[in-house]
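A.B. asks:
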Ligand code: G3P
Ligand code: MG
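In UniProt numbering, the protein residues as written are 29 to 395.
#1: Could you please give the first and the last residue of the uninterrupted alpha helix (DSSP H) stretch that includes residue 49?
#2: Quick check: residue 137 and residue 91, are their CB atoms within less than 8 Å of each other?
#3: Just mark residue 47 as buried or exposed, buried being the case when its beta carbon has 16 or more other beta carbons within 10 Å.
#4: Which of the three DSSP states, helix, strand or coil, is assigned to residue 316?
#5: For residue 55 and residue 105, I'd like the C-alpha separation in whole angstroms.
#6: Using alpha carbons as the reference points, say which of 140, 112, 195, 292 lies closest to residue 270.
#7: Under the criterion of a Cβ to heavy atom distance below 7 Å, does residue 75 qualify as lining ligand 1?
#8: Have a look at residue 240 and residue 200 and give me their C-alpha separation to the nearest angstrom.
#9: Keeping to the same chain, check which residues put their C-beta closer than 6 Å to that of residue 287; ignore five residues upstream and five downstream.
#10: Within 10 angstroms of the Cβ of residue 195, are there 16 or more other Cβ atoms? Answer buried if so, exposed if not.
#11: Rounding to the nearest angstrom, what Cα-Cα distance links residue 95 and residue 111 in this structure?
#12: Say yes only if the C-beta of residue 60 is nearer than 7 Å to one or more non-hydrogen atoms of ligand 1, and no if none qualify.
#13: Below 8 Å, can you find three or more Cβ-Cβ pairs linking the stretch 118–132 to the stretch 144–164?
#14: What's the call for residue 369, buried or exposed, on a 16-neighbour Cβ count within 10 Å?
#15: Among the residues of its own chain, which have a CB less than 6 Å from the CB of residue 311, if the five just before and after it don't count?
#16: Which one of 159, 165, 140 has the shortest CA to CA distance from residue 198?
#17: At the level of alpha carbons, what is the spacing between residue 308 and residue 340?
#18: In its own chain, which residues sit with a C-beta less than 8 Å from the C-beta of residue 70, not counting the 5 before and 5 after it?
#19: Could you spell out where the alpha helix (DSSP H) holding residue 272 opens and where it closes?
Take a look at the structure:
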């Protein structure tokens, strides 16, 4: 009887809950932990360092492969994070591998977008810089763009000195993947350049196959749609890919007869929450001994509640709401949202000050 009651309580614990953490504005601002995040995460591990509560990071950020982000997060937050605990804005691009595996695709955004796509298995991923370097004088403003590096040195930008690994002149670009925030838009230079230059009429005039408007459906793959989606280290919200999409769309639609078509990935897309649920299920068995498994028991069972701890009502809370059961959103006041009461349009299930308070609430409710 002892074993069966222990088994029952183990199964109850295993099937009951999991947590998804937003990163920017909840756990970190820039590289600084906020809201007691290291302490909060430590409480999800047992004394032996094993994961006691399945949790993962559900962020719209990105730009580097999940394995590297896991190492970076481990260092910043002081707990051991594995790659399967990291779902970034671009992680769901993996689901498009079959379609684009052997096609020429352009990846853009901060970090190393082409490396990310190559790691996912896309065989012909080039960065925007690599692609643009095939066109001499593509950006007339390039000589005026002085970019300051960390060392305080100025260099002209964009860095077009990379040589594409594929013959981009004989192949048509089949899709553009916006992996992460556009650096050039953020730095206040000429907006969508050189991205819009690449996508416009130049390539055809130069004899490149380039991009073809008819082939774009749905060739632009975004990771989110919100305008103000970055909290980061600056005191007020920053513009991100949402703003970039609007700028790009306005220019494109003035030039082309057919409006720009694109697909948004990342939160608030309900697909992302389904994916997170599946990943959390996979994280369940890793901390249970075989002793508790019954024959045929894979260890993954449905959750009663999945908590999304976040800071952005129109992205995170909206996404959790749309995803429905078993999602429960907890909004913190450390990032995009700073309201005294709940958000009017996208009210969370609970509003707290910090992530530490959120974890406190969850553990008090569940354990
Ligand atoms: O680039 C947008 C990103 O900073 C948002 O991240 O963690 O709040 O989804 P997150
Ligand atoms: Mg956030």
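Virtual Cβ for every residue (Gly too), placed ideally from N, Cα, C.
Computed from a prediction, not measured in an experiment: that's the story for all the values here.
C.D. replies: Considering the structure as presented:
#1: Locating residue 49 in the chain shown gives position 21, where the first residue counts as 1. It is not in any alpha helix (DSSP H) - residue 49 instead sits in the beta strand (DSSP E) that spans 45–49.
#2: The count along the chain shown starts at 1 and reaches residue 137 at position 109. The count along the chain shown starts at 1 and reaches residue 91 at position 63. Contact: yes.
#3: Numbered from 1 along the chain shown, position 19 holds the residue referred to as residue 47. So residue 47 counts as buried.
#4: Here the question's residue 316 lines up with position 288 in the chain shown. Per-residue confidence for residue 316 stands at a pLDDT of 44, beneath the threshold of 50, marking its modelled position as unreliable; no derived number is given.
#5: Taking the chain shown and counting its residues from 1, one reaches residue 55 at position 27. Taking the chain shown and counting its residues from 1, one reaches residue 105 at position 77. Roughly 8 Å between the two C-alpha positions.
#6: Taking the first residue of the chain shown as position 1, residue 270 is located at position 242. Checked all of 140, 112, 195, 292; the closest Cα to residue 270 is 292.
#7: As a first step, residue 75 must be located in the chain shown, where it is residue number 47. No, ligand 1 has no heavy atom inside 7 Å of this Cβ.
#8: The count along the chain shown starts at 1 and reaches residue 240 at position 212. The count along the chain shown starts at 1 and reaches residue 200 at position 172. In this prediction, residue 240 scores a pLDDT of 39, lower than 50, which makes its location untrustworthy; no coordinate-derived value is stated.
#9: By one-based count along the chain shown, residue 287 stands at place 259. If the five residues before and after residue 287 are omitted, its C-beta is found closer than 6 Å to the C-beta atoms of 281, all from its own chain and listed in chain order.
#10: Here residue 195 is taken as the residue at index 167 of the chain shown, counted from 1. Flag for residue 195 reads exposed.
#11: Along the chain shown, read from residue 1 onward, the residue named residue 95 stands at position 67. Along the chain shown, read from residue 1 onward, the residue named residue 111 stands at position 83. Residue 95 and residue 111: Cα-Cα distance of roughly 5 Å.
#12: Here residue 60 is taken as the residue at index 32 of the chain shown, counted from 1. No, the Cβ of residue 60 stays beyond 7 Å of every heavy atom of ligand 1.
#13: Touching, yes.
#14: The residue labelled residue 369 in the question sits at position 341 within the chain shown. The residue in question, residue 369, is exposed, as its Cβ has fewer than 16 Cβ neighbours within 10 Å.
#15: Here residue 311 corresponds to residue number 283 of the chain shown, with the count starting at 1. Cβ neighbours of residue 311 beyond the five flanking positions: 82.
#16: Within the chain shown, the letter at position 170 stands for residue 198. Closest by alpha carbon: 159.
#17: Looking up residue 308 in the chain shown gives position 280. Looking up residue 340 in the chain shown gives position 312. For residue 308 and residue 340, the distance between alpha carbons rounds to 22 Å.
#18: Start at 1 with the first residue of the chain shown, and residue 70 comes out as number 42. Take residue 70, set aside five residues on each side of it, and the residues of its chain with a beta-carbon closer than 8 Å to its own are 106, 107, in chain order.
#19: One-based indexing of the chain shown puts residue 272 at position 244. Where residue 272 is concerned, the enclosing alpha helix (DSSP H) stretches over 269–283.
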